[in-house]
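Asker: I'd like to ask you about the structure that follows.
Residue numbers (the working numbering): 3 to 68.
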């Protein structure tokens, strides 16, 4: 995982997007269990991306987003 907070956020956004695509593919194939698992992974990465974005924003003295 990259050291810089902006890079961490970007990496988590990329992982979330990949998991969302995997979830969509699994859903289209009718594999709801796999789609659900990928959705949870995407949700986890999205939460980490949001946290890293807020940390990066705070370190750059910008306004904190909710």
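Even glycine gets a Cβ: it sits at the ideal position worked out from N, Cα and C.
Quick caveat: nothing in here was measured; it's all calculated off a predicted structure.
Closest by CA to residue 23, which one among 46, 60 and 41?
Answerer: Stepping through the chain shown from its first residue, residue 23 is reached at position 21. It is 41.
Asker: Return the chain-ordered list of same chain residues with a C-beta closer than 7 Å to the C-beta of residue 51, the five sequence neighbours on each side being excluded.
Answerer: By one-based count along the chain shown, residue 51 stands at place 49. These residues qualify, in order along the chain: 11, 14, 15 and 18.
Asker: If you check the beta carbons only, do residue 7 and residue 43 fall under 8 Å apart?
Answerer: As a first step, residue 7 must be located in the chain shown, where it is residue number 5. As a first step, residue 43 must be located in the chain shown, where it is residue number 41. No; because the gap between Cβ atoms is not below 8 Å, this pair is not in contact.
Asker: Does the Cβ of residue 21 have 16 or more other Cβ atoms within 10 Å, making it buried, or fewer, making it exposed?
Answerer: As a working note, residue 21 is residue 19 in the chain shown. Residue 21 should be labelled buried.
Asker: Starting from residue 8 and walking both ways along the alpha helix (DSSP H), at which residues does that stretch end?
Answerer: In the chain shown, counting from the first residue as 1, residue 8 sits at position 6. Here the alpha helix (DSSP H) through residue 8 covers 7-30.
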